[in-house]
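Counting in the UniProt record's numbering, the sequence shown runs from 1 upward without gaps.
Written out below as structure tokens is the structure these notes cover.
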Amino acid sequence: MAEVSLRKLCPADIDLLEVNFQSVQGAGEAQWFGFWDTSKLRNRVAQDQMIGSADGALAVCLGEQVIGKADWFTVTSWGRANTSACWEIAIGIFAEFRGQGLGTRAQELLVDYLFSHYPRHRIQATTAAENLAEQRCLEKLGFTREGVIRQAQWRAGAWHDQLIYSLLRDELAR
Ligand SMILES: CC(C)(COP(=O)(O)OP(=O)(O)OC[C@H]1O[C@@H](n2cnc3c(N)ncnc32)[C@H](O)[C@@H]1OP(=O)(O)O)[C@@H](O)C(=O)NCCC(=O)NCCS
Numbered sequence: 001m002a003e004v005s006l007r008k009l010c011p012a013d014i015d016l017l018e019v020n021f022q023s024v025q026g027a028g029e030a031q032w033f034g035f036w037d038t039s040k041l042r043n044r045v046a047q048d049q050m051i052g053s054a055d056g057a058l059a060v061c062l063g064e065q066v067i068g069k070a071d072w073f074t075v076t077s078w079g080r081a082n083t084s085a086c087w088e089i090a091i092g093i094f095a096e097f098r099g100q101g102l103g104t105r106a107q108e109l110l111v112d113y114l115f116s117h118y119p120r121h122r123i124q125a126t127t128a129a130e131n132l133a134e135q136r137c138l139e140k141l142g143f144t145r146e147g148v149i150r151q152a153q154w155r156a157g158a159w160h161d162q163l164i165y166s167l168l169r170d171e172l173a174r
């Protein structure tokens, strides 16, 4: 079977993201916040290929085929930005490729990538309390569920609880 890999986004990939994520079925019920402006993404790809110092994104591939997008961004909520910053990750796999272990593998690759190339020691992830697939992915990768962020997210006409997870550098090989 073809292998999952991560590579830099190119302009043609944004068309695929547009087609695959701009609907409730495409984004997934727990990730659908209405239509979003892909021109910002196109500008970022043109500007720095989505590899910034504070955030970034990569295409998720199965063999040569793009099947989703993996993101990371800086969180500075826990202390001073210059000493307490950590990464937060997010992922979207195109609907037809879900449920085959690919989202778990893509996040494993992203975690390895971030710990390999940046000295930060904490990676966190937040996900909707209803998003059992993402919770299972994170737990399979060794993330610890830290708690509930109550009614923090407005989506589908209601407030929704979020769950926060983290993985520390020295837990990676556990
Ligand atoms: C969440 C997402 C990334 C998971 O990727 P995926 O490739 O579908 O997930 P995997 O196949 O690697 O693993 C999913 C796990 O969740 C489990 N799962 C899926 N749906 C489930 C449900 N409704 N209840 C319980 N477990 C569920 C699967 O059985 C599997 O666990 P297992 O290997 O122990 O059987 C993907 O579904 C997706 O892109 N969803 C839309 C966007 C999104 O929600 N992103 C995450 C929030 S940032």
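Note that beta-carbon positions come from the ideal geometry of N, C-alpha and C, so glycine has one too.
Remember, it's a predicted structure, so these values are computed and weren't measured experimentally.
* **Where the beta strand (DSSP E) containing TYR165 begins and where it ends** => Counting from one through the sequence shown, the residue named residue 165 turns up at place 165. Segment 158 to 168, the beta strand (DSSP E) holding TYR165.
* Mind checking which residues open and close the alpha helix (DSSP H) that includes GLU18? => As a first step, residue 18 is located in the sequence shown; it is residue number 18 there, counting from the start. That run of the alpha helix (DSSP H) goes 11 to 21.
* **For ILE93 and GLN5, the rounded distance between their alpha carbons** => As a working note, residue 5 is residue 5 in the sequence shown. As a working note, residue 93 is residue 93 in the sequence shown. The sequence given here places Ser at residue 5; Gln does not occur at that position. Whole-angstrom Cα-Cα distance: 13 Å.
* Asked: In the DSSP assignment, what residue or residues form a beta bridge with THR38?
  -> Residue 38 sits at position 38 when you count from the first residue of the sequence shown. Paired residue(s): none; THR38 is not in a bridge.
* Asked: Is the number of C-beta pairs between the segment 147 to 160 and the segment 115 to 122 that are closer than 8 Å three or more?
  -> no
* To do: Determine, using beta-carbon pairs with one atom in the segment 73 to 86 and one in the segment 24 to 37, whether at least three such pairs fall under 8 Å.
  => Touching, no, given that fewer than three Cβ pairs across the two stretches are closer than 8 Å.
* Asked: How would you call ASN43, buried or exposed, if buried means at least 16 neighbouring beta carbons within 10 angstroms?
  -> Counting from 1 along the sequence shown, the entry for residue 43 is found at position 43. The residue is exposed, with fewer than 16 neighbouring Cβ atoms inside 10 Å.
* Identify the continuous beta strand (DSSP E) that holds GLN49 and give its terminal residues. => If you number the sequence shown from 1, residue 49 lands on position 49. Looking at the DSSP string, GLN49 is not in any beta strand (DSSP E), and its letter there is neither H nor E.
* Pull up the distance between the alpha-carbon of PRO119 and that of ALA54, whole angstroms please. => Translated into the one-based positions of the sequence shown, residue 119 becomes position 119. Translated into the one-based positions of the sequence shown, residue 54 becomes position 54. Those two C-alpha atoms are separated by around 13 Å.
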